[in-house]
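A.B. asks: Right, I'll just put the structure down here and ask away after.
Number of protein chains: 2
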Amino acid sequence: MPPLRAIVFDAYGTLFDVHSVIALCEQLWPGKGTALSQLWRSKQLEYTWQRSLMRRYEDFARVTEAALRYACTALGLQIDEERRGRLMDAYRTLATFPEVASALAELRAMKLRLAILSNGSPAMLRPLVANAGLRGLIGTVISVDQRKIYKPAPAVYRLAVQRLSVTKAAIGFVSSNCWDACGAKSFGFRTFWIDRGSAPVDELGAAPDHVIKGLDELAKLLRRS
Amino acid sequence: MPPLRAIVFDAYGTLFDVHSVIALCEQLWPGKGTALSQLWRSKQLEYTWQRSLMRRYEDFARVTEAALRYACTALGLQIDEERRGRLMDAYRTLATFPEVASALAELRAMKLRLAILSNGSPAMLRPLVANAGLRGLIGTVISVDQRKIYKPAPAVYRLAVQRLSVTKAAIGFVSSNCWDACGAKSFGFRTFWIDRGSAPVDELGAAPDHVIKGLDELAKLLRRS
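Protein sequence lines, in the order shown, are assigned to chains V and E. Counting in the working numbering, the first sequence runs from 1 upward without gaps. Counting in the working numbering, the second sequence runs from 1001 upward without gaps.
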């Protein structure tokens, strides 16, 4: 195996913890927060896949808002402009998981280039990375928006090859979404699935190369191999 | 609006009731049937979208089996060859909803051509249609398998135009899956969503033209318009 020269990270759920959005759902609609955030998230993803296949791309902020409208209607929850605004703002100021900053610094010390490749629109990703203080560690932030299609389309993963000018075999791809790691594996990256729950590997014919429990395991794993 | 010359139906959940599969899940794993059938179905659909985007098409029987494996593992349920075989067989012998035969006969009496357009593989659809005694009513059975991509890709809906030699504006498309009706609407069909639950319309930028509660409403609606 050629040595890796760059590590590309998914954003939501991988570097950034969406817990604060879930907590805000519960604060706004006590007792309904979990149901709302689960349905919101599952519709958000479904809409990215369905719109990609329908060739009706809209950016991730609009898809996320559409999924929120659907989820509120389905659960019989009233939502106004103010609540919608607060929930969307929460998406722009997510905290990173506790191990992220030190894990990224360790990878940088290994002379690896670091990048984000996300479904998020540029307008969502910019404040997210700045707010978390990651601009010094993550050199490149790539949004699918350039290709007007969502993960796991190969055209999305190819963006990382193009922007980093590194061959796909020298790119490691890290995601907590198993299907995203499978998509990246199918494209040709060496892939690391962060299994934060204890879910089975998705049965998509392209299993991730490595399964880790957190980002702190990554540098160790790379040093060994 | 030009008059409709053909009506194209989705199969699973639209003409055919998957209840017997759900009941068998419950019989095989008492107390876990609902959780299993829900996770199985949601993974089945996710895999069709994800594999389509990844360009790793596999036919619906294999996707359905892969989703079943995932769901059993996730829920900690043991599955052997015999149980797997029984569940897959149940998919080939689904009953139709009670109103289907009379509703289709009524549409045929209106000189409409009737077809099925399904994610199902030809080997799944053939016994399904024969077993339900629909071969005399449904003249054309179309599987996405010819295009190696799943709904809601436009190439799938285009298959119906090609096979029926009818313009898209003269085709009515009926599905109980809202996202499927949205995909068909986006392609250019006149669309009928059968809302068997009471779910909101999906927010995909292409809402179905009509919402009905069952197939028996269709002929009435067409006579009025």
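Cβ atoms here follow ideal geometry from the backbone N, Cα and C, with glycine treated the same way.
Go ahead and label V/T34 buried or exposed: buried means 16 or more other beta carbons lie within 10 angstroms of its beta carbon, across all protein chains shown.
C.D. replies: By the 10 Å Cβ count, V/T34 comes out exposed.
A.B. asks: Could you have a look at V/F189 and say whether DSSP puts it in helix, strand or coil?
C.D. replies: V/F189: coil per DSSP, three-state reduction.
A.B. asks: Please list, in chain order, the chain V residues whose beta carbon lies closer than 9 Å to that of E/Y1047.
C.D. replies: Under the 9 Å cutoff, chain V gives W179, D202, E203, L204.
A.B. asks: Report the three-state DSSP secondary structure of V/F97 (helix, strand or coil).
C.D. replies: Coil.
A.B. asks: Could you tell me whether the Cβ atoms of V/A61 and V/K43 are closer together than 8 Å?
C.D. replies: No. Outside cutoff.
A.B. asks: Alpha carbons only, please: which of V/L87, V/L218, V/G197 is nearest the one belonging to V/S20?
C.D. replies: Selected option, being the one with the closest Cα: V/L87.
A.B. asks: Using the beta-carbon of each residue, which ones in chain E are nearer than 7 Å to V/L107?
C.D. replies: None at all; the shortest Cβ gap to chain E is about 27 Å.
A.B. asks: Can you check which of these residues, E/A1095, E/A1006, E/D1180, is closest to E/N1131 by C-alpha distance?
C.D. replies: It is E/A1095.
A.B. asks: Beta carbon of E/Q1050, beta carbon of V/W49: below 8 Å?
C.D. replies: Cβ distance < 8 Å, so E/Q1050 and V/W49 count as in contact.
A.B. asks: V/I22 by DSSP, collapsed to three states: which one?
C.D. replies: It is helical.
A.B. asks: Output, in chain order, the set of chain V residues within a Cβ distance shorter than 8 Å of E/C1053.
C.D. replies: A quick correction: the sequence has Leu, not Cys, at residue 1053 of chain E. Those within 8 Å of E/L1053 in chain V are W49, S52, L53, I149, Y150, K151, P152, A153, G183.
A.B. asks: Check this for me: beta carbons of V/A11 and V/L164, under 8 Å apart or not?
C.D. replies: Not in contact: V/A11 and V/L164 (Cβ atoms no closer than 8 Å).
A.B. asks: For V/A230 versus V/I142, is the C-beta spacing smaller than 8 Å?
C.D. replies: Beyond the ends of chain V as shown, which are 1 and 225, falls residue 230 of chain V; an answer cannot be given.
A.B. asks: Tell me which residue opens and which closes the beta strand (DSSP E) that V/A35 is part of.
C.D. replies: Looking at the DSSP string, V/A35 is not in any beta strand (DSSP E); the run it does join, the alpha helix (DSSP H), is 33-54.
A.B. asks: Taking three-plus beta-carbon pairs below 8 Å as touching, is the region 1089-1106 of chain E in contact with the region 1206-1221 of chain E?
C.D. replies: Touching, per the Cβ criterion.
A.B. asks: Can you list the residues of chain E that V/E58 reaches, using a CB-CB cut of under 8 Å?
C.D. replies: Simply G1205.
A.B. asks: Looking at the strands, I want to know which residues DSSP matches up with E/S1118.
C.D. replies: Answer is E/S1143, bridged to E/S1118.
A.B. asks: Checking the sheet assignment: what are the DSSP bridge partners for V/I212?
C.D. replies: According to DSSP, V/I212 bridges with V/I194.
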